[in-house]
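In what follows, a single structure is set out as C-alpha cells and then discussed.
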Amino acid sequence: MTSRSKTFSLFDREIAKQALWDALKKLTPQQQMKNPVMFVVWIGSILTTILFFQALGGHGEAPIGFILAITLWLWFTVLFANFAEALAEGRSKAQAASLRAAKKTVLAKKLREPRYGAQLDSVPGTDLRRGDVVLMEAGDMIPADGEVIEGVASVNESAITGESAPVIRESGGDFNAVTGGTTVLSDWLVVRVTVNPGEAFIDRMIAMVEGAKRQKTPNEIALTILLVAMTIIFLLATVTLLPFSLYSVEVAKAGQPVTITVLVALLVCLIPTTIGGLLSAIGVAGMGRMMQKNVIATSGRAVEAAGDVDVLLLDKTGTITLGNRQANQFHPASGVTERELADAAQLASLADETPEGRSIVVLAKQKFELRERNIHELGATFVPFTAHTRMSGVNLDARQIRKGASDSIRDHVKSLGGDFPHDVQTLVDDAARRGSTPLVVADGTKVLGVVELKDIVKGGIKERFAELRRMGIKTIMITGDNRLTAAAIAAEAGVDDFLAEATPEAKLKLIREHQSQGRLVAMTGDGTNDAPALAQADVAVAMNTGTQAAKEAGNMVDLDSNPTKLIEIVETGKQMLMTRGALTTFSIANDVAKYFAIIPAAFVTTYPALAALNVMHLATPASAILSAVIFNALIIVALIPLALKGVKYRPVGAEVLLRNNLLIYGVGGIIVPFIGIKLIDMILVTFGWV
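Once you know that position 501 of the sequence shown is 501 in the UniProt record's numbering, the rest is easy, because the numbers rise by one and skip nothing.
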C-alpha cells in the first residue's frame with residue numbers, strides 16, 4: 001500500500017519557519033493562560049522587562065546588562081515552549097494538507113424523490129443536508145458522506161486511505177458506507193447523505209489532525225493540576241524570600257538584599273518549566289503519530305486511553321489468522337477412498353470462486369492429478385452457497401453432490417432418507433479440535449467424508465501477544481467458530497482467552513464485565529452489529545471500509561481497515577504516556593539540580609556562608625544565575641525531538657517502566673543540568689559576558 005500520510009522531518013524548514021511565527025503569535029495573554037506554568041514565566045518576563053526599562057532610567061536594582069540578559073532568556077523560554085507546541089501543530093497541519101486537497105466542492109445529482117430514475121437537480125455538494133438522496137455514476141466524485149441505498153459500484157478511496165486498489169460499495173450489508181471526496185469508478189450508486197455540512201468525515205479528520213479541537217485528556221489535566229500546585233508552592237516560597245533577605249541585611253548591617261530580578265530567575269528555574277513547556281506538544285504529537293499510522297483519533301482522550309488499555313478484544317479472522325482458509329487434508333468416511341472423496345469435493349467446488357473452493361480444487365489436483373472438469377460439458381448445475389443452507393454443490397444427472405457445514409449436510413442427507421455416520425462426526429470433531437474448519441461432503445444419501453480447511457495463524461502474532469502479556473494486557477480472541485475450533489486456534493496463537501460463537505450481545509456483555517472490574521477495553525469492528533460494542537468500548541477502532549454506524553460508534557477510524565492495527569494503536573498510546581512520564585521525571589529531577597546552582601548564588605551576598613554550597617564552583621553569583629536561566633531555556637529546545645518522536649517503545653510492565661524512567665530520566669535529569677550549567681558558566685566567563 002502507498003500510504004497517504006507523509007512523514008515529515010523533525011525540523012522541516014517550511015514547518016519550522018511557520019512554527020516560529022506561530023510561537024510569536026502565541027505570546028498573547030489568552031494563549032499563555034492556557035498553560036499555567038508558562039503563564040508564570042510570561043508574567044516574570046514582563047516584570048523583568050519593566051525592571052530593565054527602570055534601570056535605563058537610572059533606577060536599576062542590578063546591573064543593566066544582567067537584567068537585560070535575564071529578561072531576554074526568560075522571553076526565549078516562553079518562545080521555545082510556544083515553538084515546541086507550534087512545531088507539533090505544524091507537523092499535524094502538514095499531514096492534513098492532502099486531506100484538505102481531497103475536500104472539493106462538486107455538483108451533486110440530487111434526487112427529488114428517494115428512488116432511482118426520479119427527476120434530478122444539480123446542486124453544489126455543500127448544499128446537501130442529512131437525508132438528501134443523490135445519484136452517482138461512473139467518474140463522479142462523491143459529494144458527501146452517506147450510505148448506499150441502491151446499486152453496486154467500485155469506488156476509488158485513495159484520496160482518503162492512500163490505497164490505489166478500488167473497493168466495492170453496495171446497498172445492504174457492512175460495506176454500504178461511502179466517504180465524500182472519493183470517486184465512483186464504475187456502474188452507479190444511489191446514496192442517502194448522513195451528515196450536514198462541516199460534519200463530514202474529512203472535516204472531522206482535518207480538525208482533529210490540525211489539533212483545532214484537541215481537548216486535554218484526563219491524565220494531562222491531572223498532571224497540569226500537579227504542576228500548578230508545585231508552581232504555587234515555589235511562588236509562595238520565592239515571594240517570602242525577599243522580606244527575609246531585607247530583614248537579614250538590616251540586622252547584620254552588611255551584605256546586599258536579593259533583587260527582584262534574581263528572585264524571578266530563581267522562580268523560573270525551580271518551577272517545572274521543562275514539562276510545562278512540552279506537555280501540549282506531547283499530546284499533539286501523539287495524535288500526529290496516530291495519523292502517520294493512517295489512524296484518525298477523534299480525540300486525544302482516545303489516544304491516551306489506548307495507552308491505558310488492559311484488555312484487547314481481537315477478531316480471529318484477518319487479525320489473528322490470515323483469513324483465507326485453505327484445504328489441507330481429505331478425511332474419507334469408512335468404506336470410501338480418499339480419491340473418491342477428493343473427486344466429489346472437486347466436482348462440488350468447480351464453480352466455487354471463493355478461496356476455500358479454489359483450494360479444494362487445487363488440493364485434489366495436486367494429490368490425485370484430478371484436473372478441473374468443464375462443468376458445462378458435464379451437464380452439471382451448480383448450487384451456490386447461501387447463508388440459509390450453509391452448503392453448496394453440483395447436480396450431475398441423478399447425483400446431488402454437496403459440501404458444507406456438518407449440521408447442514410446432516411439435515412440434507414436425512415431429508416433424502418439417509419443417515420449421518422458416527423465416524424464422520426468423529427472426523428468433524430477431530431478437525432475442530434485442531435483449530436480447522438471441517439466441510440462435510442455427501443453424494444446423495446452417502447456421506448463421503450470431511451475436507452479439512454486450515455486457517456493459518458499469522459507469523460509473529462504469538463510473540464506480539466507475549467509482549468502484550470508482559471505489559472499486563474489481556475488478549476481475548478473473538479470468533480464465530482465453535483468452542484473446539486476456537487480453543488485450538490487460541491492455544492496456537494497464544495491469546496489469554498477467547499469468546500466462541502460470538503454474537504453482538506455476547507461481545508457487549510463481555511466488555512461490560514471487564515469494565516465493571518475497572519479495566520479499559522479496546523476492540524475493532526466494521527459492521528452495524530459491532531456498533532453497540534464499539535460504543536461501549538473505551539478504545540473503539542472502526543474500519544474505514546465499515547458501515548457509517550460503526551464509524552460513528554468508534555472513537556478511532558483505521559483508514560487501512562486492518563484489524564491488526566489495534567495492537568499498533570495500543571503501542572502508540574503507551575508510547576505517548578511513556579514520553580509524558582519520562583519528561584515529567586526529567587523535569588522534576590532537573591529542578592533539583594538547578595536548586596544547587598542558583599540558591600547559593602542568589603543569596604551569597606546576603607548570607608556569605610552559603611558560598612560553601614557552591615558545589616559546582618561557578619565563577620560568580622551573576623554567572624551562576626544567568627547560566628541556570630540559559631540552561632532552563634535551552635533544555636526545552638533540546639527535548640523537542642524527544643517530545644515529537646516519543647521515547648522508544650519497549651513492551652515492559654509498569655514496574656520495569658517506572659524503574660527505567662527513574663534510572664534514565666531521573667538520574668539523567670540530575671546529572672545533565674550540573675554538566676550543562678557548568679559549561680555555560682565557563683563560556684560566559686571565557687567571553688567576558690558576566
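C-beta atoms are modelled at their ideal positions from N, C-alpha and C, and glycine is treated no differently.
These numbers were taken from a predicted model, which means no experiment stands behind them.
Can you give the Cα-Cα distance for residue i and residue j, rounded to whole angstroms?
{"i": "LYS213", "j": "THR620", "result": "At LYS213, the pLDDT of 49 sits below 50, so the modelled position is not reliable; the number obtained from the coordinates is stated separately. Each residue's Cα considered, the two are about 48 Å apart."}
{"i": "GLY146", "j": "THR194", "result": "5 Å"}
{"i": "VAL413", "j": "LYS365", "result": "27 Å"}
{"i": "ASN219", "j": "ALA522", "result": "18 Å"}
{"i": "ALA138", "j": "VAL184", "result": "5 Å"}
{"i": "ASN294", "j": "GLU505", "result": "30 Å"}
{"i": "THR437", "j": "ARG325", "result": "8 Å"}
{"i": "ARG339", "j": "LYS367", "result": "9 Å"}
{"i": "LEU363", "j": "SER334", "result": "21 Å"}
{"i": "VAL690", "j": "LEU242", "result": "24 Å"}
{"i": "LEU312", "j": "THR528", "result": "20 Å"}
{"i": "LYS6", "j": "ALA502", "result": "Legend: pLDDT at LYS6 = 49, less than 50; position of this residue unreliable, value from coordinates given subsequently. Rounded to the nearest angstrom, the two C-alpha atoms are 38 Å apart."}
{"i": "THR389", "j": "LEU427", "result": "21 Å"}
{"i": "GLY666", "j": "GLY676", "result": "16 Å"}
{"i": "GLY459", "j": "LEU468", "result": "16 Å"}
{"i": "LYS25", "j": "TRP75", "result": "13 Å"}
{"i": "GLU170", "j": "ALA398", "result": "38 Å"}
{"i": "ARG91", "j": "ALA81", "result": "16 Å"}
{"i": "ARG4", "j": "ALA94", "result": "Unreliable positioning characterises ARG4 in this predicted model, as indicated by a pLDDT of 46, which lies under 50. The coordinate reading is nonetheless provided below. Looking at the two C-alpha atoms, the distance is approximately 12 Å."}
{"i": "GLU85", "j": "ALA582", "result": "18 Å"}
{"i": "ALA302", "j": "THR217", "result": "9 Å"}
{"i": "MET290", "j": "ARG192", "result": "30 Å"}
{"i": "MET33", "j": "PHE39", "result": "6 Å"}
{"i": "SER359", "j": "ASP538", "result": "40 Å"}
{"i": "residue 698", "j": "LYS454", "result": "It is not possible to answer for residue 698, since the shown part of the chain is limited to 1 through 690."}
{"i": "ALA285", "j": "MET576", "result": "8 Å"}
If distances are taken between C-alpha atoms only, which option among the options comes closest to residue i?
{"i": "LEU107", "options": "ALA144, ALA81, GLY90 and THR71", "result": "ALA144"}
{"i": "ASP496", "options": "THR445, ALA305, ASN661 and ILE320", "result": "ILE320"}
{"i": "GLY276", "options": "ASN632, GLU170 and ALA537", "result": "ASN632"}
{"i": "PHE382", "options": "LEU370, ALA405, GLY357 and SER406", "result": "GLY357"}
{"i": "LEU322", "options": "GLN548, LYS648 and ILE461", "result": "ILE461"}
{"i": "ALA431", "options": "ILE232, GLY417, LYS648 and ASN482", "result": "ASN482"}
{"i": "SER280", "options": "THR182, ILE149 and PHE83", "result": "PHE83"}
{"i": "ASP132", "options": "TYR649, LYS454 and ARG112", "result": "ARG112"}
{"i": "THR238", "options": "THR49, ALA153, PHE603 and PHE201", "result": "PHE603"}
{"i": "SER245", "options": "THR274, VAL592, VAL258 and LYS316", "result": "VAL258"}
{"i": "ASP187", "options": "GLY57, SER359, VAL155 and THR179", "result": "VAL155"}
Where does residue i land, buried or exposed, given buried means 16+ other C-beta within 10 angstroms?
{"i": "PRO272", "result": "buried"}
{"i": "PRO600", "result": "buried"}
{"i": "MET136", "result": "buried"}
{"i": "SER122", "result": "exposed"}
{"i": "VAL37", "result": "buried"}
{"i": "ARG129", "result": "exposed"}
{"i": "PRO73", "result": "Note that residue 73 is Trp in the sequence shown, not Pro. By the 10 Å Cβ count, TRP73 comes out buried."}
{"i": "LEU510", "result": "buried"}
{"i": "THR2", "result": "In this predicted model, THR2 has a pLDDT of only 38, less than 50, meaning its place in the structure is not dependable; the value taken from the coordinates is given anyway. Exposed is the call here."}
{"i": "ASP558", "result": "buried"}
Quick one: residues in its chain with C-beta nearer than 6 Å to the C-beta of residue i, no 5 flanking neighbours on either side, listed in chain order?
{"i": "residue 691", "result": "An answer regarding residue 691 cannot be provided, because it is not within the stretch 1 to 690 covered by the chain."}
{"i": "VAL570", "result": "ALA306 and VAL309"}
{"i": "LYS574", "result": "GLY307"}
{"i": "PHE498", "result": "MET477, ALA486 and ALA490"}
{"i": "VAL637", "result": "PHE80"}
{"i": "VAL647", "result": "MET578, THR579 and ALA582"}
Have a look at the DSSP bridge pairing and note the partners of residue i.
{"i": "GLY357", "result": "Beta-bridge pairing links GLY357 to no other residue."}
{"i": "ASP121", "result": "LYS110"}
{"i": "MET523", "result": "LEU313 and ALA540"}
{"i": "residue 751", "result": "The requested residue 751 is not part of the displayed model; the chain covers only 1 to 690."}
{"i": "PHE330", "result": "VAL451"}
{"i": "GLY404", "result": "MET391 and VAL440"}
{"i": "LEU499", "result": "ILE478"}
{"i": "VAL557", "result": "ILE296 and ALA542"}
Take residue i and list the residues in its own chain whose beta-carbon comes closer than 7 Å to its own, dropping the five residues that flank it on each side.
{"i": "ASP429", "result": "LEU484"}
{"i": "LEU657", "result": "MET578"}
{"i": "LEU622", "result": "Rather than Leu, the amino acid found at residue 622 in this sequence is Ala. Same-chain partners within the cutoff: PHE66 and VAL690."}
{"i": "THR445", "result": "VAL413, LEU416, GLY417 and GLY418"}
Using 7 Å as the limit for Cβ to Cβ distance, is residue i near chain B?
{"i": "ALA229", "result": "Annotation note: the requested chain B is absent from the structure, which comprises a single protein chain."}
Excluding five sequence neighbours on each side, which residues of the same chain lie with their C-beta closer than 8 Å to the C-beta of residue i?
{"i": "GLY668", "result": "PHE586 and ALA589"}
{"i": "ALA16", "result": "LEU87 and GLY90"}
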